[in-house]
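For the sequence shown, position 120 matches number 100 in the working numbering, and the numbering has no gaps at all. Structure, as structure tokens:
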Amino acid sequence: MTPADVLLDGISRISPVFEAAVDGLSADALTWSPGPGANPIAWLAWHSGRVIDAQVAELDGQPEEWITQGWHERFALPLPADAMGYGMTGYAMSPGDAARVVATPELLTGYLADAVARMGTYVRGLRPGDLDEIIDRRWDPPVTRGVRLVSIVDDCAQHAGQAAYLRGLLDRR
């Protein structure tokens, strides 16, 4: 396997976990939280799509599909257009905001699948050596393109596991 193959395999594992987590759930179930400050399944799925889309957009210098493909309008969330769950300029998401992410299973998995496909296209287009390129010098050590891509996969895999766990709790209520 090449490094690109490893990244592609890792990101391809995210959508099926979320698909199983949201399958057949109502809006109430998707926004259920086991306790104050805990993120619901809908937020976890939405945020994972946003993480992939926004970070890959930055890497490839293209606009986010959240805007260009109409996902922002389809979701119609009562949040700023650039909301993604963290790191938004001038806007910090609160636990209450996470509950405002209300969407159908189809919308959540559709956006996530689009974001995963975008990352796949991006990774397949990388040339030898691109993963070693430093893209962010604000960290010590500086962040390479490869480290950023691994971080995306890691973040989304953790959120997928959290969603699967919440689904298990929901099924046992």
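Ideal Cβ positions, reconstructed from N, Cα and C, are used throughout, including at glycine. Predicted model, so just to flag it, every value in this text is computed and none were measured.
{"Check": "Residues near Thr69 in its chain [Cβ-Cβ closer than 6 angstroms; skip 5 each side]", "Outcome": "Only weak support exists for where Thr69 lies, its pLDDT of 44 falling under 50; the coordinates are left without a value."}
{"Check": "Between the CA atoms of Glu53 and Ala78 - distance to the nearest angstrom", "Outcome": "18 angstroms"}
{"Check": "Every unbroken alpha helix (DSSP H) inside the stretch 13 to 98 [4 residues or more]", "Outcome": "21 to 40, 45 to 48, 51 to 55 and 75 to 78"}
{"Check": "Neighbour-count burial assignment, Gly148, 16 or more Cβ in a 10 Å radius", "Outcome": "exposed"}
{"Check": "Other residues of its chain near Leu(-13): CB distance less than 6 angstroms, five sequence neighbours each side excluded", "Outcome": "Val103 and Leu129"}
{"Check": "Enclosing beta strand (DSSP E) for Asp120 [first to last residue]", "Outcome": "Asp120 -> no beta strand (DSSP E), and no H or E assigned at all."}
{"Check": "Residues bridged to Ile114 [DSSP beta-bridge criterion]", "Outcome": "Thr124"}
{"Check": "Buried or exposed by the 16-neighbour rule on C-beta atoms within 10 Å, applied to Gln35", "Outcome": "buried"}
{"Check": "Backbone CA spacing between Leu150 and Ser6 [nearest angstrom]", "Outcome": "11 angstroms"}
{"Check": "Neighbourhood of Thr11 by C-beta, 7 angstroms cutoff - its chain only, sequence neighbours within 5 removed", "Outcome": "Pro20, Ala22, Ala79 and Val82"}
{"Check": "Beta-carbon spacing of Pro(-17), Leu111 below 9 angstroms", "Outcome": "yes"}
{"Check": "Cβ distance (whole Å) where Gly126 is taken to contact Ile(-9) below 8 angstroms", "Outcome": "The pair is not a contact, with the Cβ atoms about 13 angstroms apart (cut-off 8 angstroms)."}
{"Check": "Same chain, Cβ closer than 6 angstroms to Ile114, five either side skipped, listed in chain order", "Outcome": "Pro122 and Thr124"}
{"Check": "Sub-9 angstroms separation of Leu24 and Phe55 beta-carbons", "Outcome": "no"}
{"Check": "With 16 other Cβ atoms within 10 Å as the buried cut-off, status of Gly65", "Outcome": "buried"}
{"Check": "Local conformation of Pro(-17) per DSSP, three classes", "Outcome": "helix"}
{"Check": "Residue of Asp40, Arg153, Val31 and Gly4 minimising C-alpha distance to Ala63", "Outcome": "Val31"}
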